[in-house]
Amino acid sequence: MSDENKDARDEVVEAAATAVVIEAEAEGEAGDELKLNTSIQPNDIVFDCPHCGKSLAIDGDGAGMAITCPDCQNVIQVPYPDALAAETAADATQMQLLHEQISAAQNRVAELSAELNVASLKIEHLEKTQSDLKSHLEQMSTEWGVIQNALDRVMSLMQEIRLR
Ligand SMILES: [Zn+2]
Numbered sequence: 006m007s008d009e010n011k012d013a014r015d016e017v018v019e020a021a022a023t024a025v026v027i028e029a030e031a032e033g034e035a036g037d038e039l040k041l042n043t044s045i046q047p048n049d050i051v052f053d054c055p056h057c058g059k060s061l062a063i064d065g066d067g068a069g070m071a072i073t074c075p076d077c078q079n080v081i082q083v084p085y086p087d088a089l090a091a092e093t094a095a096d097a098t099q100m101q102l103l104h105e106q107i108s109a110a111q112n113r114v115a116e117l118s119a120e121l122n123v124a125s126l127k128i129e130h131l132e133k134t135q136s137d138l139k140s141h142l143e144q145m146s147t148e149w150g151v152i153q154n155a156l157d158r159v160m161s162l163m164q165e166i167r168l169r
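With the working numbering as the guide, the letters of the sequence shown map in order to residues 6 to 169.
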C-alpha cells in the first residue's frame, strides 16, 4: 500500500467518526439515533446518504471528504454545504441580470423620451421660425406694394408735368 492510499484511508476513518444519522426510525434503534440527533451543530453539513437515504450530519470541516456511512457502511462523499446555496445564488444572479436588463431598457425608454421632447421642441421652433418668416415676407410684400403705389403716383405726376 502506498502512502497516498494510507492517507486516504486515515481521512475516511477520521471523518466517519464525526458523521451521525439524524433521521430517526419509527421503531428499533430509534432511541440511539435520537440521542445522536441532539449533537447537530449549526455549522454541521446535513445530507442524505446516496446508498441508504439516511439523513446524516457531519461537521462542516468534513465537506468533500470520503466517509463511511454510519448506517449502511458504504463510502460516500460529503457534499459541500454551499452546493445548494450556489444554485440559489445562480438563480439570484439570473434575477439580478434580468432586473439590470429591465432597468437598462427603462433608462433607454427615458432617453428616447427625452430625445423625442428635444425633437418636438425643435419642430415647434422651426414651425415658429417658418411662421415668423412668412409674416415677415407678407409685411415686406405689403411694404413693397406701398412703395409700388408711391412710384406709380410719382410716375403719373412726372407724366402730368411733362404733358403741361
Ligand atoms: Zn448509508
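Just so you know, even glycine gets a beta-carbon here, dropped at the ideal spot from N, CA and C.
- Query: How many Å lie between Cys74 and Cys54 at the Cα?
  - Reply: 7 Å
Quiz item: In angstroms, rounded to a whole number, what distance separates the CA positions of Leu131 and Ala124?
Solution: 10 Å
Exercise for the section: Run the CB neighbour count on Leu121, radius 10 Å, all protein chains shown included, and call it buried at 16 or more, exposed below. Expected result: exposed
By a C-beta neighbour count over all protein chains shown, 10 Å radius and 16 as the cutoff for buried, is Asp76 buried or exposed?
buried
Exercise. Taking the continuous beta strand (DSSP E) assigned at Asp5, which residues delimit it?
Worked result: Any answer about residue 5 is impossible in this case: the structure gives the chain only from 6 up to 169.
- Query: Is any heavy atom in ligand 1 found nearer than 6 Å to the beta carbon of Ala76?
  - Reply: Checking the displayed sequence, the identity of residue 76 turns out to be Asp instead of Ala. Yes, since a heavy atom of ligand 1 falls inside the 6 Å radius drawn around the Cβ of Asp76.
* Asked: Can you name the residues that DSSP bridges to Gln82?
  -> Ala71
Q) What three-state label does DSSP hand Ala94 in the structure shown? A) helix
Run the CB neighbour count on Leu102, radius 10 Å, all protein chains shown included, and call it buried at 16 or more, exposed below. Classification of Leu102: exposed, given that the 10 Å Cβ count is below 16.
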